[in-house]
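*Asks:* Quick one: this structure, given as structure tokens, is what I'll be asking you about.
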DNA sequence: TAAGTCACG
DNA sequence: ACGTACGTGACTTAT
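In our numbering, the protein residues as written are 0 to 594.
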């Protein structure tokens with residue numbers, strides 16, 4: 000058990016150390032709510048300490064005074080010149096922020112090192128320790144248990160917590176010494192890590208901390224409205240089915256549709272059950288009334304349960320705003336992921352869905368600004384393939400789908416029909432996903448041969464694209480990975496090891512990953528450039544959301560003209576491709592109107 | 001905890 | 001004969 004004098008000696012060593020690993024133990028996994036139970040520090044492999052502060056169980060020993068410890072730590076925590084290391088330090092940064100303690104100088108994060116080296120493998124401490132150091136660590140679950148018998152960390156005995164937590168800090172420091180040299184050995188990976196992921200980590204912290212404002216009253220009204228519509232649809236469905244049943248149960252629904260009512264079942268799911276998904280119901284809706292009703296019910300109950308009911312519950316009591324968590328090491332392509340709540344899948348495709356975006360608002364005197372990259376992945380395909388005709392189409396065409404349709408059908412842009420445009424748009428998207436003729440035929444509802452003809456025609460007109468696809472497959476097979484323009488590596492273990500279907504899947508992922516991954520690199524660079532600009536000019540504009548090709552800001556009305564004029568160039572200036580990068584900016588009182 | 005479904009880019 | 005367009009997260013049902 001650490002005493003005041005020992006703590007002081009540790010702090011002196013900490014202040015002298017070149018890099019210190021920092022780890023907090025807390026009462027909650029929710030970063031905005033977590034309270035500190037103890038802090039561990041490691042200054043070199045084998046030298047770590049645990050500072051217990053708030054273990055609360057019968058017979059728990061007296062611990063150091065929290066205020067005194069925080070007071071001694073604060074200047075060091077806040078000093079950007081004192082370099083810190085963590086494993087997912089964004090979480091610990093929130094925890095300290097919950098006490099008003101700024102944390103600066105996070106120079107390294109083993110989570111991000113592992114992500115840059117091996118995005119496709121697990122990045123939790125226990126996995127990393129075993130894989131890279133051959134060490135079996137005590138897991139968090141072993142400390143606190145799981146399920147109903149789980150306890151909060153402040154109930155863990157001081158002895159156990161000390162062993163566990165000091166080990167975590169120690170192992171993290173060892174991992175850093177093992178992983179960072181491997182990152183640094185590849186200049187492009189070092190650049191991804193040092194110039195992209197580490198700065199983005201800080202920006203994500205600020206975005207999460209800021210949160211986003213939502214109109215809970217509006218969502219509440221929408222919930223009531225949706226609830227009434229959903230109930231009415233249920234009654235109508237019962238009448239058509241001749242009995243009540245649970246519309247949300249695919250199994251019960253399958254029994255009603257395909258056994259009782261004897262509708263033809265077009266497809267089965269992976270487990271052999273007849274599928275009742277949207278495609279199936281849409282097909283059946285052409286001939287029967289019930290499937291149409293079910294589609295409407297599905298759409299509305301999804302909006303209600305996932306969005307209008309849930310989002311108001313996610314409003315933080317202290318801040319009055321919604322704070323998502325952005326995962327920086329989840330998506331294998333380099334994209335971010337958003338959770339609890341996911342603010343990257345707020346509805347936009349239907350009119351009813353878009354109403355939910357009306358509830359994403361700005362505080363008084365502010366507006367919502369949305370800036371998105373136009374056709375970013377297709378532009379990256381043009382750049383990567385270097386296909387002269389596709390590159391030219393981007394230099395000329397305001398509407399790329401129309402421009403490519405004109406190219407492929409050999410007609411002037413003004414003569415492209417809406418069907419021609421729709422078909423080529425599907426091909427353009429499909430190519431990014433590595434689709435085949437079957438997929439395209441399904442998507443367009445046409446014969447497989449006709450779909451194949453579209454693809455053939457496309458590759459004839461844009462042979463560079465066909466070549467690029469082939470080259471990418473070969474590169475993936477040779478190296479076991481593909482890479483983005485910036486050299487982010489995307490590993491594909493199944494590209495050689497897998498059997499038929501797995502390997503085919505890996506080939507499609509290989510086609511998609513450089514485009515999706517480069518887009519992710521570009522928008523991360525944009526976040527850094529934009530945040531640097533906002534900080535330098537001391538603007539009050541806040542970046543609040545990132546949705547893969549879009550950045551959403553809360554902008555003081557007085558800054559609107561300036562932001563609108565300057566923002567696009569900071570986003571388009573992050574790279575010089577063979578095609579122009581284009582950013583569209585929208586402004587409104589809410590996210591819907593800013594689109 | 002798995003399966004099915006569906007929201008987004 | 002088989003599966004078939006990439007990458008995510010969350011909700012509901014059912015075991």
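The beta-carbon is built from N, C-alpha and C at its ideal position, and this holds for glycine as well.
All values derive from a computational prediction rather than experimental measurement.
For the 8 Å Cβ check, are there 3 or more pairs between the segment 510-524 and the segment 476-492?
*Replies:* yes
*Asks:* Helix or strand or just coil, what does DSSP make of residue 213?
*Replies:* Annotated three-state conformation of residue 213 is strand, per DSSP.
*Asks:* Confirm, please, whether the CB-CB distance from residue 389 to residue 461 is below 8 Å.
*Replies:* Yes, the pair counts as a contact, with Cβ atoms nearer than the cut-off.
*Asks:* Over the uninterrupted alpha helix (DSSP H) stretch that includes residue 475, give me the two end residues.
*Replies:* Unbroken alpha helix (DSSP H) run through residue 475: 462-478.
*Asks:* Going straight from the alpha carbon of residue 522 to that of residue 299, what length do you get?
*Replies:* 32 Å
*Asks:* Are three or more beta carbon pairs between the segment 148-166 and the segment 211-224 nearer than 8 Å?
*Replies:* no
*Asks:* Write down every uninterrupted run of the beta strand (DSSP E) in the segment 59-99 whose length is 3 residues or greater and which is fully enclosed by it, in chain order.
*Replies:* 82-85
*Asks:* Assuming contact is defined by CB atoms lying nearer than 8 Å, are residue 112 and residue 199 in contact in what I supplied?
*Replies:* Judged by their CB atoms, residue 112 and residue 199 are not nearer to each other than the 8 Å cut-off.
*Asks:* Whose C-beta lies closer than 7 Å to the C-beta of residue 436 among residues of the same chain, with five residues either side of it excluded?
*Replies:* The residues are 447, 450, 451 and 454.
*Asks:* What are the boundary residues of the beta strand (DSSP E) that includes residue 22?
*Replies:* 18-25
*Asks:* If you drop the 5 nearest sequence neighbours on each side, which residues of the same chain put their C-beta closer than 8 Å to that of residue 361?
*Replies:* Once the five neighbours on either side are set aside, the close Cβ partners of residue 361 are 212, 367, 553, 554, 588 and 589.
*Asks:* With distances taken Cα to Cα, identify the nearest neighbour of residue 527 among 578, 456 and 193.
*Replies:* 193
*Asks:* If residue 132 and residue 60 are in contact, beta carbons under 8 Å, what's the gap, nearest whole angstrom?
*Replies:* The Cβ separation is near 31 Å, so there is no contact.
*Asks:* For residue 204, which residues of its own chain have a beta-carbon under 6 Å away from its beta-carbon, when the five flanking residues on both sides are left out?
*Replies:* 89 and 92
*Asks:* Apply the 10 Å Cβ neighbour rule to residue 236 and answer buried if 16 or more other Cβ atoms are within range, or exposed otherwise.
*Replies:* Buried, because 16 or more other Cβ atoms sit within 10 Å of the Cβ of residue 236.
*Asks:* Closest to residue 333 by CA distance: which of 114, 471 and 473 is it?
*Replies:* 114
*Asks:* Return the chain-ordered list of same chain residues with a C-beta closer than 6 Å to the C-beta of residue 546, the five sequence neighbours on each side being excluded.
*Replies:* 343
*Asks:* Output the residue ranges of the alpha helix (DSSP H) runs that lie fully inside the segment 156-201 and measure 4 residues or longer, sorted by chain position.
*Replies:* 157-183 and 186-190
*Asks:* In this structure, does DSSP put residue 301 in helix, strand or coil?
*Replies:* helix
*Asks:* Exposed or buried, what is residue 421 when buried is set at 16 or more other beta-carbons lying within 10 Å of its beta-carbon?
*Replies:* By the beta-carbon neighbour count (other beta carbons within 10 angstroms, threshold 16), residue 421 is exposed.
*Asks:* Which whole runs of the beta strand (DSSP E) in the segment 260-331 are 3 residues long or more, in chain order?
*Replies:* List check, beta strand (DSSP E) in window: 324-326.
*Asks:* Which whole-angstrom value describes the C-beta separation of residue 524 and residue 574, a residue pair presumed to lie in contact below a C-beta threshold of 8 Å?
*Replies:* 7 Å
*Asks:* Got a sec? Which residues, its chain only, sit under 7 Å from residue 476 by beta carbon, not counting five neighbours each side?
*Replies:* 494 and 495
*Asks:* What ranges does the alpha helix (DSSP H) occupy inside the segment 500-581, keeping only unbroken runs of at least 4 residues that lie completely in it?
*Replies:* Those alpha helix (DSSP H) runs which fall completely within the segment 500-581 and span 4+ residues are 559-571.
*Asks:* If you reduce the DSSP assignment to three classes, tell me which class residue 337 lands in.
*Replies:* strand
*Asks:* According to DSSP, simplified to helix, strand and coil, what is residue 418?
*Replies:* helix
*Asks:* For residue 286, count the other beta carbons within 10 Å of its own beta carbon; 16 or more makes it buried, fewer makes it exposed. Which is it?
*Replies:* exposed
*Asks:* If you count every other CB in all the chains shown that lies within 10 Å of the CB of residue 413, and 16 or more means buried, which is it?
*Replies:* exposed
*Asks:* Please look up how many angstroms separate the CB atoms of residue 408 and residue 419, rounded, as I've assumed it's under 8 Å.
*Replies:* 5 Å
*Asks:* Mind pulling the alpha helix (DSSP H) runs of 4 or more residues that sit fully within the segment 342-396?
*Replies:* With a minimum length of 4 residues, the continuous alpha helix (DSSP H) runs that stay inside the segment 342-396 are 350-356, 375-384 and 387-395.
*Asks:* Out of curiosity, what's the CA-to-CA distance linking residue 485 and residue 175?
*Replies:* 23 Å
*Asks:* Mapping DSSP to helix, strand and coil, what is residue 222?
*Replies:* helix
*Asks:* Answer yes if the segment 55-72 comes into contact with the segment 1-17, meaning at least three C-beta pairs across the two stretches below 8 Å, and no otherwise.
*Replies:* yes
*Asks:* Apart from the five residues just before and just after residue 118, which ones in its own chain have a Cβ nearer than 6 Å to its Cβ?
*Replies:* 331
*Asks:* Determine, using beta carbons only, whether residue 371 and residue 536 come nearer to each other than 8 Å.
*Replies:* It is not a contact, given that the beta carbons lie outside the stated cut-off.
*Asks:* Let me check one thing: in DSSP terms, what residues is residue 411 bridge-paired to?
*Replies:* According to DSSP, which records beta bridges pairwise, residue 411 is partnered with nothing at all.
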